[in-house]
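Chains W and U supply the protein sequences, listed in that same order. The first sequence begins at 21 in the numbering used here and counts up one residue at a time. The second sequence begins at 446 in the numbering used here and counts up one residue at a time. Here a beta-carbon is modelled for each residue, glycine too, at the ideal position from N, C-alpha and C.
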Amino acid sequence: MSRRTKLPAWADIGLIPLINVLLAFLSAGVVVALIGESPLEAVQVLIRGAFGYDEGVGYTLYYTTNFIFTGLAVAVAFHAGLFNIGGEGQAYIGGLGVGLICLALDHLLPWWALLPLAIIAGSLFGAAWAFIPGYLQAYRGSHVVITTIMFNFIASALMVYLLVNVLIQPGSMSPETRAIAPESTLPLMHEIFEFLGIKITQTPLNLSIFVALLACLFVWVLIWKTRWGYAIRMIGFNESAAVYSGINPKRMVVIAMMISGSLAGLVAINEVMGAQERVGLDFVSGAGFTGIAVALMGRNHPLGIIIASLLFGALFQGGAELAFEFSTITRDLVVVIQGLVILFCGALAYMMRGPLERLFAALSRSNQEEG
Amino acid sequence: MEFSVQLISALDSTLRLAAPLVLCAMAGLFSERSGIVDIGLEGKMLAGAFAAAAVTAVTGSVWLGLLAAILVSIMMALLHGFACITHRGDQVVSGLAINILAAGLTVVLGIAWFRRGGQTPSLGSDERFGPLTWPLSESLSDVPLLGPVYTELLSGHNLLVYVALMAVPMTAWIVFKTRFGLRLRAVGENPQAVDTAGISVAWLRYRAVIMAGLLCGLAGAYLSIALGAGFIKDMSAGKGYIALAALIFGKWRPYPALFACLLFGFLEAVATRMQGVQLPVVGEIDVQLMQALPYILTVILLAGFIGRAIAPKAIGTPYSKDRA
């Protein structure tokens with residue numbers, strides 16, 4: 021690589037990811053065209069559905085909240101050179117932590133006193149679920165990708181068991197806990213706005229979006245301003261160099277995985293304590309996997325993750341509107357887009373590098389000849 | 446007598462449930478032995494299942510359906526190869542992309558083409574691979590012990606179950622007895638050495654992922670036009686990941702992987718029968734525990750508590766000539 025002309029930094033950081041995202045969306049457009057619908061019309065419906073009216077915006081930001089948490093989770097692990105596919109399971113188990121503490125204390129504490137406890141419980145449970153794969157990777161040599169996949173399935177089985185046999189509301193048929201007392205759930209955004217004297221439509225959007233933004237700040241400080249963050253980036257960049265600078269890579273692998281898992285666990289603050297006000301089956305519904313696309317697209321930077329989460333939030337909300345406008349397109353198109361984003365921004369991330377490098381080399385040559 | 450009847454019927458469903466696992470595990474074996482991680486078994490199988498059901502529904506021919514499943518699955522495999530071999534992309538990310546793409550595309554295309562909420566039209570009995578009855582199975586069924594084993598357990602499966610079982614010795618032969626197999630294993634352990642010998646690393650690995658595509662296509666066709674009668678959204682339901690677990694559990698070897706697939710198939714077969722049954726000593730065994738058991742066992746194995754599962758050495762690392 022070093023022998024070739026290097027790309028200017030702006031092309032590396034800005035241009036290549038942009039081209040990759042565009043390729044993903046172009047391919048999605050081809051799929052829509054293949055079905056026989058107009059891609060441009062689909063984009064219009066998506067944008068109108070996501071941002072066109074206040075209810076749409078509410079739902080968009082509600083989905084965005086989940087994706088910020090899972091995107092950050094994947095990104096922290098990525099910085100350490102680890103691929104955490106287990107966000108789905110860690111978020112699910114995080115829900116157990118949030119659910120247990122809310123159900124235990126909801127008649128005693130108001131939401132603002134319960135929130136810090138729930139954040140601690142959710143992140144502890146998520147971290148615990150990520151600890152085992154992290155420990156096994158560091159000390160027993162089993163690959164974190166495989167173990168986190170397995171732990172997603174184990175989490176799912178465990179939660180079904182607990183919800184059906186232990187946590188189920190007595191007398192109820194559906195496998196979910198009782199509802200958390202209303203005064204202990206997070207205020208919904210329309211309630212906050214009503215308090216300020218502004219009327220907006222009720223959506224599941226709640227206070228946890230601010231928790232998500234704080235988590236972004238936390239990750240930024242952690243990764244770029246702390247000793248741990250330095251160690252995390254170091255083991256991801258060059259493990260043997262990390263050892264020489266006095267870092268214990270095994271310990272840092274476990275720590276990075278636990279931080280990653282705790283961020284994923286915070287999805288439950290949005291879903292369990294905010295939107296659904298109970299622990300239900302499959303409340304994560306794929307957010308853990310969307311987090312991978314978000315992290316890849318956002319280049320593992322909190323700012324990029326906010327933008328990518330907003331995009332995917334808009335896709336999920338706008339995608340729900342597709343079915344109303346087209347007889348042949350449903351929200352499943354968003355799953356296709358997600359797959360394409362992971363493909364182009366992740367697996368094929370370097371595809372455009374070679375051609376671009378040649379292009380820039382040719383440009384600089386012709387400049388020199390003129391000059 | 447009662448017990449042996451139950452056991453034979455449980456083993457019978459074990460074979461039925463294990464068949465797609467066996468095909469996918471052998472697919473993964475080819476790919477991973479060549480050094481390419483394949484978590485995309487699930488997606489290739491799902492895409493194959495959709496292609497098989499869609500083409501069979503339109504043409505009425507199971508054979509065209511089977512062919513379509515194989516072709517589509519190989520195309521997905523080639524995409525994986527394009528990303529991981531040609532462009533040296535991350536193999537796990539690429540596999541995941543294939544799984545998510547398959548989950549989305551099968552439903553999007555299914556709704557657009559058939560307008561049944563993502564399902565394909567249900568297939569009649571002549572549009573599926575039906576049971577093959579072995580010779581003399583009627584007359585032999587009264588023979589004690591061996592009779593039921595022959596008629597119930599061995600005879601009466603569809604063609605693809607037998608294909609799955611034959612895929613194992615075939616895989617073992619190709620991987621361990623042919624020149625291609627020797628090179629395949631070499632490229633998964635030490636690609637530099639293979640390259641030095643003047644053999645193309647990329648072409649070997651491409652052939653390995655094509656084999657994986659072929660076998661996953663068979664598994665997909667099995668799901669939708671042999672076991673089932675049409676495509677249902679997400680019908681692979683994690684089987685690709687169980688097969689991956691079985692491959693690891695079998696330490697990347699054909700026969701131990703087959704054993705793991707049969708074990709996991711047996712667990713699934715027993716899980717449905719055990720619901721509400723009181724066992725001595727342990728009491729009622731929970732279905733969720735039985736479902737999670739393949740994953741738990743694999744994690745324990747990977748952690749090195751029951752033997753050691755050592756992956757091919759070069760697995761997961763893209764090969765480039767200039768990094769000597």
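- In summary, the residues of the stretch 728-747 of chain U whose CB is separated from some CB of chain W by less than 8 Å are 731, 733, 734, 736, 737, 740, 741, 743, 744 and 747, in the order they occur in the chain.
- Just so you know, the alpha carbons of residue 296 of chain W and residue 738 of chain U end up roughly 30 Å apart.
- Within the same chain, 552 and 563 come within 6 Å of residue 678 of chain U by CB-CB distance, once the 5 residues on both sides are set aside.
- In the three-state reduction of the DSSP assignment, residue 297 of chain W falls in the coil class.
- Judged by beta-carbon spacing, residue 40 of chain W lies within the 9 Å limit of residue 368 of chain W, meaning their Cβ atoms are closer than that value.
- By the Cβ test, the stretch 143-162 of chain W is in contact with the stretch 116-130 of chain W, since at least three Cβ pairs between them sit closer than 8 Å.
- Taking 9 Å as the CB threshold, residue 698 of chain U stays off the interface with chain W.
- Distance from residue 314 of chain W to residue 90 of chain W at the Cβ level is roughly 7 Å; contact confirmed, criterion being Cβ atoms closer than 8 Å.
- Within a 10 Å sphere around the beta-carbon of residue 583 of chain U sit fewer than 16 other beta-carbons, which makes this residue exposed.
- Boundaries of the alpha helix (DSSP H) harbouring residue 167 of chain W: 164-181, taken from the DSSP string.
- Comparing C-alpha distances from residue 289 of chain W to each of W/245, W/45, W/207 and W/195 shows the shortest one belongs to W/207.
- Taking 9 Å as the threshold, the shortest C-beta distance from residue 527 of chain U to chain W falls below it.
- Close partners of residue 170 of chain W in chain U (Cβ separation under 7 Å): 690, 740, 743 and 744.
- Residue environment for residue 700 of chain U: exposed (fewer than 16 other C-beta atoms within 10 angstroms of its C-beta).
- Close to residue 533 of chain U, with beta-carbon spacing below 9 Å, are these residues of chain W in chain order: 370.
- The contact set of residue 749 of chain U on chain W, defined by CB atoms closer than 8 Å, consists of 160, 161 and 162 in chain order.
- A contact is defined here as three or more CB-CB pairs under 8 Å, and the stretch 260-271 of chain W fails this definition with respect to the stretch 55-69 of chain W.
- If the five residues before and after residue 309 of chain W are omitted, its C-beta is found closer than 7 Å to the C-beta atoms of 108, all from its own chain and listed in chain order.
- Nearest to residue 600 of chain U by alpha-carbon distance, out of U/655, U/454, U/687 and U/663, is U/454.
- Per DSSP, reduced to three states, the secondary structure at residue 576 of chain U is strand.
- Here residue 621 of chain U is exposed: its Cβ has fewer than 16 other Cβ atoms, across all protein chains shown, within 10 Å.
- Taking a beta-carbon distance threshold of 9 Å, residue 536 of chain U counts as an interface residue toward chain W.
- Taking the beta carbon of residue 255 of chain W as reference, no residue of chain U falls within 9 Å; the closest one sits roughly 17 Å away.
- In this structure, DSSP gives residue 723 of chain U an extended state, which the three-state scheme calls strand.
- Residue 154 of chain W has a beta carbon lying at 9 Å or more from every beta carbon in chain U.
- Counting C-beta pairs with one atom in each stretch, the stretch 685-699 of chain U and the stretch 162-174 of chain W have three or more that are closer than 8 Å, which means they touch.
- Residue 651 of chain U and residue 44 of chain W have their C-alpha atoms some 24 Å from each other.
- Under DSSP, the beta-bridge partners assigned to residue 208 of chain W are W/226.
- Only those residues of the stretch 662-681 of chain U whose C-beta falls short of 8 Å from the nearest C-beta of chain W would be listed, and there are none.
- Ranking W/382, W/157, W/46 and W/195 by CA distance to the CA of residue 301 of chain W puts W/195 first.
- Between residue 612 of chain U and residue 471 of chain U the beta-carbon gap is near 5 Å, inside 8 Å, which marks them as a contact.
- Along the stretch 507-521 of chain U, there is no position whose C-beta sits under 7 Å from a C-beta of chain W.
- Taking a contact to require three or more Cβ pairs closer than 8 Å, the stretch 706-718 of chain U and the stretch 661-673 of chain U do not qualify as touching.
- The stretch 356-376 of chain W makes contact with the stretch 539-549 of chain U: 3 or more CB pairs, one atom from each, lie closer than 8 Å.
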